[in-house]
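So the numbering used here is basically just the index in the sequence shown, starting at one, shifted up by 1135.
By construction, the Cβ of each residue, glycine as well, lies at the ideal position given by its N, Cα and C atoms.
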Amino acid sequence: MNKIPVTLILIFLLYSCTSNDKRAELEKLKKQHADLTAQITALEKELAGTDSGTVKKKLVETRVLAPEAYAHFIEIQGKIESDQNIIITPTAAGVIKSVYAREGDIVKPGQVLAEIDDQVLRQGIEELKTGLDLANQLYEKQENLWKQNIGSEVQYLQIKNQKESLEKKMKTLMEQLELYKIKSSIYGTVDEVMVKTGQSAAPGVPSFHIVNNNQLKVKADVAERFSKSVKEGSPVVVFMNDLNKEISGTISYKGKSINVLNRTFSIIINLNGSDEILPNMSAIVRIKDYENTNAIVVPVNVVQNSDEGTYIFVVKNNGGNKTAYKQPVVTGTVYNGRTEITSGLNSGDEVIMTGLDDIINGMNISTNK
């Protein structure tokens, strides 16, 4: 009789014990799985209201849908501007001799706001006048002699040329004299005086700020992706937060090129004058780029999303009970907390508005109606 090695016997016994342990563990896990499955099923039935005698129905608020007007707006930041919001600068250098305008004064084109000391130039003009008077006397005498055929033509032409030359110089000096007057170039209100008597002035240095608010406009930059939907004549609403004021209007001008730095194009909305609206105020421009007067619209928070897609809970009658039902939908644009539903819902559908986090598909509910 062959003897079986002790080592083989030990290995066989160890394998048998390990196999029995795994079978026992597998049976235990299967029992746990069955118990959990039964518990899950029971809870789902309970939440869905199948045991209506013991579970209270979920109370929700609903709304019956009806077509309504819906519009989508593009909102961008803009700024109030005025073409007649200008800085007046001197046209000559010197010392301010007199300041005639004050803040708040209403001025018109050509009105003198201040004068620069022109004493040196006036002295030159007086000297030139003396020379011009003499030239005129000599010219009159020579002209009389020339008419009498006395004297040479050269003398006559020399005196005439001298007189005309001095007249041109006088005209130039008088024009230069006007440069020493700082004048308004527009109708408007003096908003700021930047010079004082005795202060030095020079071309290019600001002296007066004049504003005319009768012709205001809003300028804003719009992203190029909206270039197709934004057009001249598109309706807009301009909102000035500081004034808590809205003004309706239309786009007066749409830019003809795209800014390569920020990929935008400019728009301009002309406004009527107002004492409240001031240049350089900020404004929010709302441009209407879409409108539907017969739309199905719901609040944004009503729209739900899952791996299966977008849906909304609606109310269905099920054997006399009201049931929450997942209705797949297709959404459109969103604006001001409202979403347009382009497909999936119709007028007359009853949509669940509150308690959405606790609702599951097929749950029995009670409504506020």
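- Under the three-state reduction of DSSP, Gly-1384 is assigned to strand.
- The C-beta distance from Asn-1427 to Glu-1475 rounds to 7 angstroms, short enough to fall under 8 angstroms.
- Contact between the stretch 1233 to 1251 and the stretch 1294 to 1306 is not established, with fewer than three Cβ pairs separated by less than 8 angstroms.
- Residue burial annotation: Lys-1163 is exposed, with fewer than 16 other C-beta atoms found within 10 angstroms of its C-beta.
- Straight across, the Cα-Cα distance linking Leu-1273 with Lys-1331 is about 46 angstroms.
- Distance from the Cα of Glu-1203 is smallest, within the candidate group Lys-1352, Arg-1473, Tyr-1315, Met-1488, for Arg-1473.
- In the structure shown, the three-state DSSP call for Arg-1198 is strand.
- For Met-1375, the enclosing beta strand (DSSP E) covers residues 1370 to 1375.
- The beta carbon of Arg-1198 sits closer than 6 angstroms to the beta carbons of Val-1486, Met-1488 from its chain, once the five residues preceding and following it are set aside; these are given in chain order.
- The shortest CA-to-CA distance from Glu-1381 to any of His-1207, Val-1353, Leu-1292 is the one to Val-1353.
- Judged by DSSP secondary structure, Val-1450 falls within the beta strand (DSSP E) whose first and last residues are 1444 to 1453.
- Distance from the CA atom of Glu-1250 to the CA atom of Arg-1398, rounded to whole angstroms, is 47 angstroms.
- Counting of Cβ neighbours within 10 angstroms places Ile-1495 among the exposed residues, the total staying below 16.
- Under DSSP, Pro-1463 takes part in a beta bridge, and its partners are Tyr-1446.
- For Phe-1361, no pairing in a beta bridge is given by DSSP.
- In this structure, the straight-line span from the alpha carbon of Thr-1265 to that of Ser-1287 is close to 26 angstroms.
- In the structure shown, Tyr-1291 falls within a helical segment according to DSSP collapsed to helix, strand and coil.
- For the pair Lys-1366 and Ile-1386, the CB atoms are nearer than the 9 angstroms cut-off.
- Per the coordinates, the alpha-carbon of Asn-1415 lies some 21 angstroms from the alpha-carbon of Ser-1319.
- In summary, Asp-1484 is buried, with 16 or more beta-carbon neighbours lying within 10 Å of its beta-carbon over all protein chains present.
- Here Lys-1461 has Tyr-1446, Asn-1496 as same chain residues with Cβ atoms under 6 angstroms from its own Cβ, once five neighbours each way along the sequence are excluded.
- Restricting attention to Met-1498, Gly-1384, Gly-1490, the CA atom closest to the CA of Val-1195 is found in Gly-1490.
- The DSSP-derived three-state label of Glu-1310 is helix.
- By the C-beta density criterion, Arg-1421 is buried, having at least 16 other C-beta atoms within 10 angstroms.
- Here DSSP, grouped into helix, strand and coil, assigns Asn-1499 to strand.
- Put simply, the backbone Cα of Ser-1342 is about 19 angstroms away from that of Gln-1311.
- Assigned with DSSP and collapsed to three states, Thr-1324 falls in strand.
- Counting along the chain, Ala-1430 sits inside the beta strand (DSSP E) bounded by residues 1417 to 1430.
- The residue from Ile-1317, Gly-1229, Asp-1356 with its alpha-carbon nearest to that of His-1344 is Ile-1317.
- Cβ contact annotation for Ser-1401 (same chain, cutoff 6 angstroms, sequence separation greater than five): Asp-1356, Gly-1390, in chain order.
- As DSSP reads the structure, Arg-1473 sits in a beta bridge with Pro-1434, Tyr-1470.
- Within 10 angstroms of the beta-carbon of Ser-1217 lie 16 or more other beta-carbons, which makes it buried.
- Comparing alpha carbon positions, the residue from Gln-1254, Ile-1209, Thr-1468 closest to Leu-1308 is Gln-1254.
- Straight through space, the alpha carbons of Ile-1500 and Val-1450 are spaced by roughly 8 angstroms.
- For the pair Val-1346 and Asn-1436, the CB atoms are not nearer than the 9 angstroms cut-off.
- DSSP places Gln-1174 within a helical segment (H, G or I) once states are collapsed to three.
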